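Those sequence lines, one after another, are chains A and B.
For the first sequence, the numbering used here gives the first residue as 1, with consecutive numbering after it.
For the second sequence, the numbering used here gives the first residue as 1, with consecutive numbering after it.
Ideal placement from N, C-alpha and C gives every residue a C-beta, glycine not left out.
Because the structure is a prediction, the values reported are computed rather than measured.
First up is the structure itself, then whatever we jot down about it.
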Amino acid sequence: CLRKRAKDEL
Amino acid sequence: MNVFRLTGDLSHLAAIIILLLKIWKSRSCAGISGKSQILFAIVFTTRYLDLLTSFISIYNTSMKVIYIGCAYATVYLIYMKFRATYDGNHDSFRVEFLVVPVGGLAVLVNHDFSFLEILWTFSIYLESVAILPQLFMISKTGEAETITTHYLFCLGLYRALYLLNWIWRFYFESFFDMIAIVAGVVQTVLYCDFFYLYITKVLKGKKLSLPA
Numbered sequence: 001c002l003r004k005r006a007k008d009e010l
Numbered sequence: 001m002n003v004f005r006l007t008g009d010l011s012h013l014a015a016i017i018i019l020l021l022k023i024w025k026s027r028s029c030a031g032i033s034g035k036s037q038i039l040f041a042i043v044f045t046t047r048y049l050d051l052l053t054s055f056i057s058i059y060n061t062s063m064k065v066i067y068i069g070c071a072y073a074t075v076y077l078i079y080m081k082f083r084a085t086y087d088g089n090h091d092s093f094r095v096e097f098l099v100v101p102v103g104g105l106a107v108l109v110n111h112d113f114s115f116l117e118i119l120w121t122f123s124i125y126l127e128s129v130a131i132l133p134q135l136f137m138i139s140k141t142g143e144a145e146t147i148t149t150h151y152l153f154c155l156g157l158y159r160a161l162y163l164l165n166w167i168w169r170f171y172f173e174s175f176f177d178m179i180a181i182v183a184g185v186v187q188t189v190l191y192c193d194f195f196y197l198y199i200t201k202v203l204k205g206k207k208l209s210l211p212a
C-alpha cells in the first residue's frame, strides 16, 4: 500500500 | 532525522552552492543546462508550497527557502546576468517531453487527489528526470568541466543518500512512501553512468570527456 508522504523531508 | 537524511540534505546544498559559485566566479554558465535549472526551480516551487500552509521546524523552513532562493538565483545568472555565455545551441533537450508525461502521471498516481498533493507528486516525479537536459548536453558536447562534475556528483549522491534514509525509516520507523522511493530509485539510476565516469576519470585527475 502507499503510505502518506513524509512532510518533514525536503 | 537520521545521518543519511542529514548528509543527503547537505550534499544537495553543496551541489547547489557549487553550481552557483562556479557560475559566479567564472562569470560564465558555459556547459550548464539552463533547462535543467529551470526544471529544478519548478521542482522546488511546486514542492515547497507547504511553506505557506504548515510549519515543521526552523531547519526545514530555512533549507526550503535556501533551496528555492538558490534555484532562482541560478536561473537568473544563466538567463539574465551571464546570458551571453549560455550555450543554448547545445541545450536542446525537449523539456515538454518530460513535463507533460510527468504532469499526467502526477494526476493519475498520487497519495491524495488534492491540489497541493498533486503539485508535490509532480515535483517528486519531475525532480527524478530534471537532470536529463544537463546529461544530454554533456553527451552532446562530449565533455564537462571538472567543477561541473563535482556539482553532478553531489546532486546524484543526495538522492542515493535519501534512499538509504528511506531504508532506515522503513526498518526503524515502519515508514515508507512508495512514490518518493520509486522516483528516488529512478533518479539515482539516471546518475549511475555518470558516477562510473566520475570515479574512473575525475577522481583520478582526468577531465571528464566522452569518446567521440
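Where does B:ILE38 land, buried or exposed, given buried means 16+ other C-beta within 10 angstroms?
buried
Compare the C-beta of B:TRP168 against all C-beta atoms of chain A and say whether one is closer than 8 Å.
No, no contact with chain A.
Are B:PHE222 and B:SER28 touching if we call contact CB-CB under 8 Å?
Residue 222 of chain B lies beyond the range of chain B shown here (1 to 212); nothing can be said about it.
Return the chain-ordered list of same chain residues with a C-beta closer than 6 Å to the C-beta of B:LEU210, the five sequence neighbours on each side being excluded.
GLY142
By the criterion of Cβ-Cβ separation under 9 Å, what are the contact partners of B:ASN60 in chain A?
LYS7, ASP8, GLU9 and LEU10
Can a CB atom of chain A be found closer than 8 Å to the CB of B:HIS150?
By this cut-off, B:HIS150 is not an interface position.
Are any of the Cβ atoms in chain A nearer than 8 Å to that of B:LEU163?
At a cut-off of 8 Å between beta carbons, B:LEU163 makes no contact with chain A.
One or two residues paired with B:LEU208 in a DSSP bridge:
Bridge partners of B:LEU208: B:ALA144.
Does the segment 178-193 of chain B come into contact with the segment 152-166 of chain B, if we say contact requires no fewer than three beta-carbon pairs (one atom in each stretch) closer than 8 Å?
yes
Measuring CB atoms only, is the segment 40-49 of chain B touching the segment 123-133 of chain B, in the sense that at least three cross pairs come out at less than 8 Å?
yes
For chain A, is any of its Cβ atoms less than 8 Å away from the one on B:ILE179?
Residue contact with chain A for B:ILE179: present (Cβ-Cβ distance below 8 Å to some residue of chain A).
Among the candidates B:LYS207, B:TRP166, B:LEU98 and B:SER174, whose CA atom is the shortest distance from the CA of B:ILE213?
Lying outside 1 to 212, the shown extent of chain B, residue 213 of chain B is not represented and no answer is given.
If contact means a Cβ-Cβ distance below 9 Å, which residues of the segment 120-133 of chain B contact chain A?
Going along the segment 120-133 of chain B in chain order, one finds TRP120, THR121 and ILE124 with a Cβ nearer than 9 Å to chain A.
Anything in chain A within Cβ reach of B:ILE56, meaning under 7 Å, just list it in chain order.
LYS7 and ASP8
Could you check what DSSP says for B:PHE55 in three-state terms: helix, strand or coil?
coil
Where does A:ALA6 sit, in a helix, a strand or coil, going by DSSP?
coil
Would you kindly work out how many angstroms separate the C-alpha atoms of A:LEU10 and B:ASP9, rounded to a whole number?
8 Å
Quick check: B:LEU190 and B:ILE118, are their CB atoms within less than 8 Å of each other?
No; because the gap between Cβ atoms is not below 8 Å, this pair is not in contact.
Would you list, in sequence order, the uninterrupted alpha helix (DSSP H) runs of no fewer than 4 residues that lie entirely inside the segment 77-122 of chain B?
96-108
Which of helix, strand or coil does DSSP assign to B:MET1?
coil
Buried or exposed by the 16-neighbour rule on C-beta atoms within 10 Å, applied to B:VAL95:
buried
Just to confirm my understanding: we take B:LEU105, look at its own chain, exclude 5 residues before and 5 after, and list those with CB closer than 7 Å. What are they?
TYR125
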